[in-house]
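Chain order of the listed sequences is G and B. Counting in the working numbering, the first sequence runs from 1 upward without gaps. Counting in the working numbering, the second sequence runs from 1 upward without gaps. All C-beta atoms, glycine included, are put in the ideal place defined by N, C-alpha and C. Written out below as C-alpha cells is the structure these notes cover.
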Amino acid sequence: MADSSIADRVRQVVAKQLKLDLDKVTDGAYFAQDLGADSLQSMELIAAFEDEFDIEMDEDEAVKVKTVGGAIEFIERVTAEQHG
Amino acid sequence: MRICIFEDDKADNLYPLSLLRPTFELRCGAISLRERILRGYPFARDACYFVRDYLAPVYRRAAGKPVNDPAWLKRDGLLLVNGRMLALGDWPAAQGGDEIGMRGDDVAYARLSAATVAALDAADPLALIEQARSKVKTVNAPQTLISYPWALIEHNNECIAADFGALPHKGVHGELAQMSVIYGDKEMAYVAPGAQVHPLVVLDTHAGPVIIDEGAKVFPHTRIEGPSYIGRGAHIVGGKIREGCSIGPMCRVGGEVEESIIHGYSNKYHDGFLGHAYVGEWVNLGALTTNSDLKNDYGNVEVYVRGELVNSGSTKVGCFIGDHTKTSIGTLFNTGTVVGVGCIILGGSEILPKHVPSFAWYYNGHIAKGGGFDAFTDTARTAMGRRGVTLTDEDIELLRTARKMTKAERSEAIRKARR
C-alpha cells in the first residue's frame, strides 16, 4: 500500500511543476498524454522529486516511469533504499 | 621500418575531444595528427596503434591495423611515435641508432632496434620505452606535442598551408561557376574533382591557400579566406569562413566561422559566430549559437582541463564541444567554454557556465540530468542515419562507457547547480 505522505507530496510536486489543479493529478494519469508534460518538463519533474525527497534518481530508470502512480511507487522504493 | 603510434597519459588533457577517439585522430589542418605522422614515413611496411583500452573495440574497426597488440611490439625493431605529435616536416628519423626523443617530460618518440626490442618485455609502448631508458640514449626532441585543445587551433593555419603544399595538384579541377572568383593568387586555391563552387562565392587566397575537397559544395554568398580547408562532402551554405578554418567531411556550415576546426559530420547551418573553437562529430549548433573568443579585458583565457582552470596563455580561445552535443537556438558560450559529449544545451539570453559535463543537460540556467541513455542513443542513431552512417553496437558500448566514466563529474555539477 502506498505511503500516503509520499503519494500526496508526489501529486503536489506534479501539480506545481506542471501548473495543474491537484484533482487532475490522478494515479492513472500519464505525464505526457494526460498532463501535457514535454521532455523538458519531465526532466524538471525528476529534479523536483529529487529536491522534495532528498533522493538521487537514476535517470535511465526515472525516464521509464510514465504515470503518476508509477512515480509514487518508484519514489517510495528509492526513498526506502536511500533513507531506510 | 615499422611504426607504432601511441597515446600517453595526457590524452585526457584533450577532453572532451578525446573522450570518444584516440588523440591522434584529432584534426589539425586538412588531416588528422595520425595522418600527419604517417605522411613522413611513406615506406613504412607496417603500423600499429595503442589507444586507451575502452576505445579499442571501435578503433580497431576503423583503423584496419593492429590495435593494442603487445605481440606486434615484440616482433622487430620499430619507431614509436607519441600520437600527440604535430609533425610538420620534422619527423623523427626512421633509421639510425637507438634513441629516445623527449619533449620536456613527455616521450615524443623512440627508435629501437630489433635487438633492443628482443631484450625487453613490455605490453605497451610506454612500458617498453621505460624499460629501454637505461640502455638507450635520450635526446631533446624538437617536435611539437599537442598538450591542450587550443593548441590544435593555434597550429591550424600552418597545417593547412603545409597540407596545401603537399597536394599533388593545385588549381580548379572541379566546378568553379561563373560569377564566383578566386580573389588573389589563383594557384593558391585547390578545387578538387567533384567539388562545386557556386556563383557569388569568393575564395580569398591573399593570406593563404583555400582547399575545397572532393564533393564539397560552396553555396552562393559565401566568402572563404585562406588558409582554410573545406572537407570532403561538406556544404558551406553562405556566410564568412574566415582564415584558419578546417571544416571536416560532411559538415553543413553557415554563418561566421573564424580559426576553428569542425571535426566532421556536424552542423552549424545558420547564422551565429564560432571562433577559435573545436567542435566534435555529430554536433548540431542551433541557429544563432555563438561563442565568445575574446575577453573584454583582453586577458588570457582560462579553460577547464581535468577539472581545473588552466591559463591557456592565449587571448583568443573559443569553445570546445564534444561529439553528439546539441545546442538550442540562441545559445551563447562564454570564452573558453568546454561542453562535453552528448549534452543538450538549451541556452538563452544568459551566458553558459564554462564547463558542462558530458551527457548533462543545461536548461533554465542550470546543469541537470539528461533524458536517459536510450533516448540519447535513439537521437544519435537518427542523426547518423541522416548521413548514411550506422550507430553500431560497439559505438553504443563506447558511449555507455564514456557516460559511466563521466558520471562523477556530472553528478557533482548537478549537485552544485542545486545548492
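In this structure arginine 2/B is buried. Its beta-carbon is surrounded by 16 or more other beta-carbon atoms within 10 angstroms.
Taking C-beta atoms under 8 Å as the contact rule, glutamate 7/B and threonine 23/B qualify, at a distance of about 5 Å.
With its beta carbon at least 7 Å from every one in chain G, phenylalanine 24/B lies outside the interface. Taking one beta carbon from each stretch, the region 81 to 99 of chain B and the region 147 to 162 of chain B have 3 or more pairs nearer than 8 Å; the two touch. Taken atom to atom, the span from the alpha-carbon of glutamate 61/G to that of isoleucine 72/G is near 13 Å. Counting along the chain, methionine 102/B sits inside the beta strand (DSSP E) bounded by residues 99 to 103. DSSP, reduced to helix, strand and coil, places tyrosine 363/B within a strand of the structure shown. If you draw a straight line from the Cα of glycine 84/G to the Cα of glutamate 76/G, it is about 11 Å long.
The region 269 to 286 of chain B and the region 306 to 326 of chain B touch, with no fewer than 3 CB-CB distances between them shorter than 8 Å.
Per DSSP, reduced to three states, the secondary structure at alanine 110/B is strand.
Fully contained in the region 4 to 31 of chain G are the following alpha helix (DSSP H) runs of length 4 or more, in chain order: 4 to 18.
If you look at histidine 206/B, you'll find it isn't in any beta strand (DSSP E); DSSP assigns it neither H nor E.
Along the region 252 to 285 of chain B, the beta strand (DSSP E) occurs as fully enclosed runs of 3 or more residues at 252 to 258, 261 to 264, 273 to 275, 278 to 281, listed in sequence order. Using a Cβ distance threshold of 7 Å, alanine 192/B and histidine 173/B count as a contacting pair. Of all residues in the region 359 to 386 of chain B, only Trp361, Tyr363, Asn364, Ala368, Lys369, Gly370, Gly371, Gly372, Phe373, Asp374, Ala375 place a beta-carbon less than 8 Å from a beta-carbon of chain G.
When DSSP reads this structure, asparagine 82/B sits in a beta bridge with Phe6/B.
Counting only Cβ-Cβ distances below 8 Å, arginine 75/B has no contacts in chain G at all, with the closest Cβ about 44 Å away. The Cβ of valine 63/G sits closer than 7 Å to at least one Cβ of chain B.
Taking a Cβ-Cβ threshold of 9 Å, the residues of chain G close to arginine 418/B are Ala47, Glu50, Asp51, in chain order. For phenylalanine 373/B, the enclosing alpha helix (DSSP H) has its first and last residue at 373 to 385.
If you draw a 10 Å sphere on the C-beta of histidine 169/B, you find fewer than 16 other C-beta atoms in it, and that means exposed. When secondary structure is reduced to three states using DSSP, leucine 176/B falls in the strand class. Counting C-beta pairs with one atom in each stretch, the region 388 to 399 of chain B and the region 51 to 63 of chain B have three or more that are closer than 8 Å, which means they touch.
Against chain B, the beta carbon of leucine 40/G has neighbours under 8 Å at Leu346, Tyr363, listed in chain order. At a cut-off of 7 Å between beta carbons, glutamate 59/G contacts chain B. Ranking Ala122/B, Ser314/B, Ile31/B by CA distance to the CA of tyrosine 148/B puts Ser314/B first.
Nearest Cα to cysteine 48/B within the set Thr392/B, Ile5/B, Lys74/B: Ile5/B. Nearest neighbour of alanine 166/B by Cα position, chosen from Leu73/B, Ala189/B, Ala108/B, turns out to be Ala189/B. Contact annotation: histidine 263/B and glycine 248/B have beta-carbon atoms nearer than 7 Å.
Taking histidine 276/B as the centre and dropping the five residues before and after it, the same chain places the C-beta of Ile153, Glu259, Asp293, Lys316, Val317, Gly318 closer than 6 Å to its C-beta, in chain order. If the five residues before and after proline 142/B are omitted, its C-beta is found closer than 7 Å to the C-beta atoms of Asp90, all from its own chain and listed in chain order. DSSP lists no beta-bridge partner residue for tyrosine 148/B.
Within the DSSP bridge table, the entry for valine 310/B names Val303/B as partners. Within the same chain, and ignoring the five residues on either side of arginine 103/B in sequence, the residues whose Cβ sits closer than 7 Å to its Cβ are Ala141, Gln143, Leu145. DSSP places asparagine 291/B within a strand segment (E or B) once states are collapsed to three. For phenylalanine 24/B, no alpha helix (DSSP H) run applies, since DSSP gives it neither H nor E.
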